[in-house]
Amino acid sequence: MRAVVDLPRDPLFGPGHTEFREQVRAFLRAELDPARTAVHRDPRDLTGLDEQFERAILRRAGAAGFLGISLPEELGGGGRPPSWDAVVSYESAYHDGPLIDTAAHFLGPTLVTFGTSEQLDRVMRPAIAGTITACIAYTEAGAGSDLTGVATVATSHDDGSFTLTGEKVLVTGAHKADWCCTVARTDEESTGRTGLSMFVFPMDTPGVTRERVRTANGWDLGTVRFEQARVGADALLGERDQGWRTLTGALVGERSGVAWLGWATRNVDALLETCAGTRDRRVRGELAGVVVELFTAKCIAARVLVAQDAGQAPFAEGSMSKVKATELLQRIARVGGRVLGPEVLGSASAPGWFGRLPLGDWFAYETVERLHPTLSVGTNEIQRTTIGQVGLGLPLEPR
Amino acid sequence: MDFTTSSEALAFRDEVRALLARTFTPEVREQMHRTGTLHNWGIHHALGEAGWLQQALPESLGGGGRDPEELAGLFREFELAGAPYDGISNVVMISSVLAHMGNEMQKRDVLPRLLSGDAVAALGYSEPDSGSDVAAARTVATRDGDGWRINGAKMFTSVAEESTWVLLLTRTNPDVPKHKGLTFFLVPLDRDGVEIQPVFTLSGKRTNATFYDDVFVEDEWRVGEVDQGWQVMLVALSYERGVAGGVRDAERLLVNAEAYARDTLDPDGHPLLEQPAWREALAQLAIDVEVADLLAGRAAWVSGSGRLPGTEGAHVKLFATEAVTRAANALMDLAGPAGLERGDPAEDRARVFEYFYRFAPVTTIYGGTSEIQRNLVAQRGLGLPRGR
Amino acid sequence: MDLELTDEQQSIVEVFGALADRWAPPAGLREHEALGFDPKVWEQLVATGAPGMALPEADGGGGATLLELALAVEALGRRLTPAPLVEHAVAARLLARAGAITPEIAEGAAVATVALRPAVDGRARLVPAGAVADTVVALAGDDLVRVDAAPSGIAVPNLGDLPLADRDLATTGPDAVVLATGAEARDLHALALHEWRALTAAALVGLAAGALELARTYVLEREQFDVPIGSFQSIQHTLADAKVGIDGAQLLAYKASWAFGEQPARAAELATMALLFAAEQARVTSERALHFHGGYGVMVEYDIQLFYRRAKGWALVLADPGTELHRLADLRYGTTSREAGA
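Chains as they are written, first to last, in the numbering used here: chain A, 37 to 435; chain B, 11 to 398; chain C, 66 to 407.
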């Protein structure tokens, strides 16, 4: 597949990343060769791969040092700046690889900041090695955009352990997760932001059950239930009752945003390849439009990466990047529909583009798939509020 | 269900066009562009003499019963011609209010002069600090003997420079919730203390800031009850009768743009109308014009059939003005560098894009901003709860 | 203009609305999701006389106007009723004009459809209702043909769960009839397509209204930050825009349907406009409605994603919007020798 090389320069990564990028790409191409993956498809998983096969790739990625590339060396990581981890996300997305929703991504930064040395040993190291999977279970039926509505309760005991009762919904990868990171109310009298605590514990803890829930594109999210699940004091992540602080820090790190751009680039490249040489001015105009917008989105994301490498936490720019990239993905899906016409009607309920499905089928999938990015990791409405308030200094909404 | 325009409405449109052909001369057009005043006495007197201002009043108020569809047709022809109608629409609204709830003096001394076309009046609602939040008006009227002293300032008091009176929204009670302490007055603009300052806008239209420094009016100039001004406002709105100006701008742009594209050749000698980008933009605008026309027709039908008006007026205002704003940008881009030149579109059609680009922004702001219209549709139309 | 419905029209709205409500998701629709066709719904429609309602009485139909059919189709569209009434009615009217209508089709005992795009090498691709139709009318080369053949009952898996299928058009043999040739064939087909556009526009208006209602209900119930999310301005304004767009699309679909009988010179243009506008409103409304459901919006068990997928499917089966917009320009400005891309 031809990459977009006709732009003056790909603004997302710099010359310092080139060699590492090549390593990651070579790894992914080898691991995800259609001949290999053909017998390992699982359309019910977001990655499109069966669990066993996916775990094997994870282990090898861990062994190659990819998963914790930006985590501290003393903890087993690669010690590189955050932008190196973005390389892994981006290339994984571009190649439809399963290295985005890893335990290292979900848990790494939070553990680095708040984890005990025992947690780092038990969770962080295997996460970096790629020998464990994880899920993050924050959302509840009554707590989506407003996570202060968390109602899951963590009753404390004298020995420092906790009993969790509650239900979490829309959990990515719950069915295959080894570890769970969640947030619950430790101060049972509290409401709102106070009295919350974060926990990390194995999914096979007695009392923890999970159920697969089908999404519109055929892959599953999960519902995770805590039915008097007893976890030890060592499961507490960060300070007790200070979970809101821990959570806010964790959310900033989740999904750096470049994965969206990896998918976007892959889709644009595919359209460019299919339409190469077309003289239809309308099609050319549409494609030119998304190429320009993709470049712009990468410039915004590059700003975020540069700031993160400098040790900053760019809230407003991060939100801008997320909004831009996710809405671009929707635009690309629409352009695909307009360019391909009725071909798009054929559906592929198969995430993972291995074996190169007919492009129309692929864009039918994308038309539905790109609905959730504008919802997840903070809806774009919430992101815009952040941009307005943090980025533009506009006053808080009347509430 | 019937989508044809009634023969009465079609006939009336022909009459309006004929009147405009007589009275909307190049000299009048030139004066309008030069002064920025969207009112012309020659046209206005002719309308008055034809009895159309009288006829614009609903029959229930003693008018001549031109139905909303015909009235819409009048404004349509003015908008399509680019003819000035601010004075006309003010008179239609204010005469309805006076006919409904004016006192004896107002019905005797003011109303006939408005209906004959002899005089016009201005609307004084908006202030520097209150536009969308019109109930927050700060212009104050306090009792003084058997009259009132008025102090304050109004913004966008269009046509005040030609008007005899202004229908002024004032605060008469600061101790109650804001929309319960308002009172309307009809203020003669020749009273001491009234000052009119011209304000020029992006589209070239001239409006005014008006200032009221201890202006005295006798109590007989009060319109409606004290502190009941909000009710008067609702009455004024109900007599809009689904007939607003500003819904035909998109159609005017379309007609002009199509003609331009047909008559202008590209460097290869082909009409611009053959280019795919022009065809797409014009076809899209044609759809929007058709939809705006239907929504406007519905608003007029609801009003004319005696049904209780809901949010039909908000629908058409919101849709038509957003459509012309989209189209103004799209067509400006298509016109390219040639489109940048300023001039009179009546003399050179190619100037229409530059004009519309400057004109379009105000359409989504005046007469209730698009956001206010959306609030109305959401809250009154869809039953969603007020925020805050 | 007069937007008053006659008593008969009002009862059409009510009858078909009630019928659609009985089959509303999740029950009937999901049960037949793979095929997009519920035979029991079709039986109900047959019982009401719907399949032939807009056929001339002389042909065994109900003599209703296309506008009245649009009202019915809109009501059904609101609940995504899985029955190809649009395709069948359009095909039946086409056959009647060609003098080839049969009692079975007039009654709906046999399901008929029209291939929207000309056949290529004897095969019509992605025919709407092609998976369930006993009769297909299509343009094959120079001929307008009617082919009777048992449907596969299996739909090509597709975005909107429509009963789409490719159909072979063997144009020889007892099951194939040439209805017309040359210009007459093209004209008959073109008229049918315009009727399809107007009716599909009406169906999409219904779909959009149904999606908006789901959104409205959800944002009134769903609370975050201690208030119903329907009180947030960004949500209100978006839904307000949707409401305005849907009302406009409804009026345009009605006018287009009305025009075939009352203002035929404008019917093709209005039908093309109506489909373009309704498709866009349905797309935007269903997409925003889904978005306002948050994470639940992408869950299969929630209904809004059904609306979202069909909004694209029902419109795209004819052509992409760009091509349709150019067809509209051609109708307004005459065809041009320059190609869209040249």
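The C-beta atom is built at its ideal place from N, Cα and C for all residues, glycine as well.
Just so it is clear, the structure is predicted and the values come from calculations on it, not from any experiment.
- Cβ-Cβ separation between A147(B) and L179(B): approximately 5 angstroms, consistent with a contact (criterion under 8 angstroms).
- Cβ contact annotation for W240(B) (same chain, cutoff 8 angstroms, sequence separation greater than five): A145, H189, K190 and L192, in chain order.
- Judged by pairs of C-beta atoms under 8 angstroms, the segment 122-135 of chain C touches the segment 322-332 of chain C, as three or more such pairs exist.
- Here the alpha carbons of F237(A) and E224(A) stand approximately 21 angstroms from one another.
- Residues of chain C with a Cβ closer than 7 angstroms to the Cβ of T251(A) are, in chain order, V363, M364 and V365.
- Here DSSP, grouped into helix, strand and coil, assigns M234(A) to strand.
- A contact between stretches requires three or more CB pairs, one per stretch, nearer than 8 angstroms, and the segment 154-163 of chain A fails this requirement with the segment 338-348 of chain C.
- Ranked by Cα distance from A214(C), the first of L227(C), V176(C), A248(C) and P193(C) is V176(C).
- Per the Cβ contact rule, the segment 286-302 of chain C is not in contact with the segment 272-292 of chain B (fewer than 3 Cβ pairs under 8 angstroms).
- If you check the CB distance, T403(A) and K377(C) come in under 9 angstroms.
- Beta-bridge partners of L192(B) (DSSP): R181(B) and Q238(B).
- In the DSSP annotation of this structure, the continuous segment of the alpha helix (DSSP H) that includes W398(A) starts and ends at L395 to E405.
- With a threshold of 9 angstroms between beta carbons, G325(A) makes no contact with chain B.
- In the three-state DSSP reduction, M364(C) falls in the strand class (E or B).
- Residue-level contact by beta carbon fails for P149(C) and chain A, as no gap is shorter than 9 angstroms.
- Uninterrupted alpha helix (DSSP H) stretches at least 4 residues long and entirely within the segment 98-169 of chain B occur at 121-126, given in chain order.
- Here H53(A) has V123 as same chain residues with Cβ atoms under 6 angstroms from its own Cβ, once five neighbours each way along the sequence are excluded.
- The continuous beta strand (DSSP E) containing Q207(B) extends over residues V204 to F210.
- Annotation: Cβ neighbours of I297(B) in chain C (cutoff 7 angstroms, chain order): M338, L341 and F342.
- Of all alpha-carbon atoms in Q65(B), F366(B), D154(B) and V326(B), the one lying nearest the alpha-carbon of L386(B) is that of V326(B).
- DSSP places D223(B) inside the beta strand (DSSP E), whose first and last residues are R216 to E228.
- Our two residues, L209(C) and R182(C), have alpha carbons roughly 12 angstroms apart in a direct line.
- DSSP, reduced to helix, strand and coil, places C311(A) outside both helices and strands of the structure shown, so it counts as coil.
- Within chain A, no residue has its beta carbon less than 7 angstroms from that of A99(C); the closest one is some 11 angstroms off.
- Put simply, the backbone Cα of W215(A) is about 47 angstroms away from that of V319(A).
- Counting C-beta pairs closer than 8 angstroms gives three or more between the segment 131-146 of chain A and the segment 55-72 of chain A, which meets the contact rule.
- The C-beta of C171(A) has 16 or more other C-beta atoms within 10 Å across all chains shown, which makes the residue buried.
- For the segment 365-390 of chain B, the set of positions with a beta-carbon nearer than 9 angstroms to some beta-carbon of chain C reads S380, E381, Q383, R384, N385, L386, V387, A388 and Q389 in chain order.
- Residues of chain B with a Cβ closer than 7 angstroms to the Cβ of G295(C) are, in chain order, L394 and P395.
- In this structure, the straight-line span from the alpha carbon of E172(C) to that of H153(C) is close to 11 angstroms.
- Bounds of the alpha helix (DSSP H) holding S125(A) are P118 to Y130.
- For F142(A), the CB contacts under 6 angstroms within the same chain, skipping 5 residues up- and downstream, are A170 and I172 in chain order.
- Just so you know, the alpha carbons of G134(B) and L63(B) end up roughly 21 angstroms apart.
- Neighbours of P286(B) in chain A, taken as residues whose beta carbon is under 7 angstroms from its own, are R317 and R318 in chain order.
- Listed along the chain, the chain B residues whose CB falls inside 9 angstroms of the CB of L317(C) are I297, E300, V301 and L304.
- Taking 9 angstroms as the CB threshold, R188(C) stays off the interface with chain A.
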